[in-house]
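Residue numbers (my numbering): 807 to 1231.
Note that the Cβ used here is the ideal one computed from N, Cα and C, for glycine as well.
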Amino acid sequence: MKTKWIEQARELDQNDPIAFTRQWFVHSSENLIYLDGNSLGRLPKVTADRLQQEIQETWGTRLIRSWNEGWYTQSATTGGKIAELIGAKSDEVVVTDSTSQNLFKLAWAAVSARPGRKVIVSDTLNFPSDLYILQGIMYQLGPDYSLRLIPSKDGMTVSDEDIKTALSDDVALVVLSHVTFKSAFMYDMKNVTKQVHDSGALILWDLSHAAGAVLIDLNGSDADLAVGCTYKYLNGGPGSPAFLYVRKELQDHLTPPVWGWFGDARPFDFNLVYKPATGIRKFTVGTPPVLSLAAVDASVDLLVTTGMEKLRKKSLLQSEFLIEMWKEVLLPLGFTLGSPENPDQRGSHISFRHPEAYAICQALIAGVDGGPVIIPDFREPDHIRIGITPLYTTFEDLAVAVLKMSEIVNRQLFLSFRQRSGDVT
Ligand SMILES: Cc1ncc(COP(=O)(O)O)c(C=O)c1O
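In structure tokens form, the structure reads like this:
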């Protein structure tokens, strides 16, 4: 059985038209299989070079002059590149702050733009930090405001019917992750946006698990607002700044809650009274982290060059392959599939659920029995997430990982890995 899957994987790798992009990344060890690009993408070689250049030349030599030689406009320039990946116009996206901060700014602005409507809708599959931000907004706006969460009946998906039930004429804003962080369930952005607009509310999409992973058409879906991180599939590096999107027609009508000099019309006039910039810059606040921003700029080029169509095609082939393997190899061992089988509803990771998920994950990371070190991630209570990053994940990586999971369970190798350790899973 083992040879069959490995052979099939190798054949798929040989026929992969974008297999060459794997060489764009730093691979520190041939004995490491990295399946966590959905949390922190690998380091692109071009990023390492770009950061050296930024440090030695742009900062070291050009010093303060660099602000007029690219730094000041970098947030917008890189935003314009990300716009290409998410179906937006270049002047609708900017790279700034963190996803959480951007969510706060845009959600607050949206609720303020719908006076009289006092409900925000989200779902129970959403990333908890998003819900915390929304709870904080409700707390500050007062007891008349509330957050309504759409439940997921199967813990994996949300139906159109459930969305419909949650919408009423008191809803100001709907906030959803386009691809949810545990199950990788993907909403139909166009349909949901229409439903929300029909109810008179605005919509804000969190694209953290979607940008660089699936096909997104913000403009074609008539989406109002979006936020997303750059350290997952965009490979921008740990803590790299996030992006935000505001539909062009809305930009002049929304007022962000945080007014800083980078969002002012003329920051270097140093006026004592704030006057908002026109356009997307209004939604920025202060000095951007230019080194991290340079890293994002370099890595996003790799996705733009490759093209999202090719990436999505490979990602789907890879998740289908994983599901095929699950049926034959993992299902008999008590693993259930925690992601939708329908490819139209699936992002770019697969969640396998098992009562011993934590210990199995730890055993994979430890590289038991001299096997390769395999890095997926664990999400409470029982999810092993296998992140597929088509720029560098091979079919063989996936086959080896699944076969190792089966070995770990068959031989009960997980037993010595049950002890919880470390703050970050
Ligand atoms: C879907 C989603 N939203 C929001 C966040 C929070 O991002 P940040 O910590 O960069 O603000 C994350 C972090 O992983 C996420 O996955």
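For residue j and residue i, believed in contact at Cβ under 8 Å, the rounded distance
i       : j       : result
LEU1128 : MET1211 : About 11 Å; that fails the 8 Å criterion.
GLY1069 : VAL1033 : Incorrect: roughly 16 Å between the Cβ atoms, too far for contact.
HIS1189 : LYS988  : 5 Å
SER1157 : ARG1191 : 5 Å
LEU1050 : THR902  : 7 Å
ASN1148 : HIS1015 : Rounded, the Cβ-Cβ distance is 17 Å, inconsistent with contact.
LEU1008 : ALA972  : Wrong, their Cβ atoms sit about 15 Å apart, outside the cutoff.
ILE943  : ALA915  : Contact flag wrong, Cβ pair sits at about 11 Å.
LEU940  : SER928  : 6 Å
Under the three-state DSSP convention, the category residue i falls into
i       : result
ALA1032 : strand
ALA1017 : coil
ASP936  : helix
VAL1052 : strand
VAL1179 : strand
ASP950  : coil
SER872  : helix
VAL1215 : helix
PHE1220 : helix
PRO1196 : coil
LEU955  : strand
SER845  : coil
PRO1044 : coil
VAL899  : strand
ALA780  : No answer is possible for residue 780: the residues shown for the chain start at 807 and end at 1231.
ARG1152 : strand
VAL1135 : helix
VAL1230 : coil
VAL1091 : coil
Bridge partner(s) assigned by DSSP for residue i
i       : result
PHE1184 : ILE1190
PRO1082 : ASP1070
MET992  : VAL985
PRO850  : PHE831
TRP1011 : LEU982, ALA1032
LEU1143 : PHE1158
VAL1064 : Answer is none; VAL1064 lacks a bridge partner.
Environment of residue i [buried if 16+ CB atoms lie within 10 Å]
i       : result
ASN908  : buried
PRO1062 : buried
ASN932  : buried
HIS833  : exposed
ASN837  : exposed
GLN829  : exposed
VAL1079 : exposed
PRO934  : exposed
SER835  : exposed
SER983  : buried
THR1093 : exposed
HIS787  : The structure shown has nothing for residue 787, since the chain only spans 807 to 1231.
ILE861  : exposed
PRO921  : exposed
Run of the alpha helix (DSSP H) containing residue i, from where it starts to where it stops
i       : result
TYR1164 : 1163–1172
PHE1158 : Run containing PHE1158: none in the alpha helix (DSSP H); it sits in the beta strand (DSSP E), 1155–1159.
LEU1109 : 1096–1112
LEU818  : 808–820
ILE1022 : Unbroken run through ILE1022: none, as it is neither H nor E.
ILE839  : Per DSSP, ILE839 belongs to no alpha helix (DSSP H); it is in the beta strand (DSSP E), 838–840.
ASP968  : 966–972
Residue span of the beta strand (DSSP E) that contains residue i, given as start and end
i      : result
LEU891 : First-last for LEU891: 877–892, but that is the alpha helix (DSSP H), not the beta strand (DSSP E).
ASP929 : 925–929
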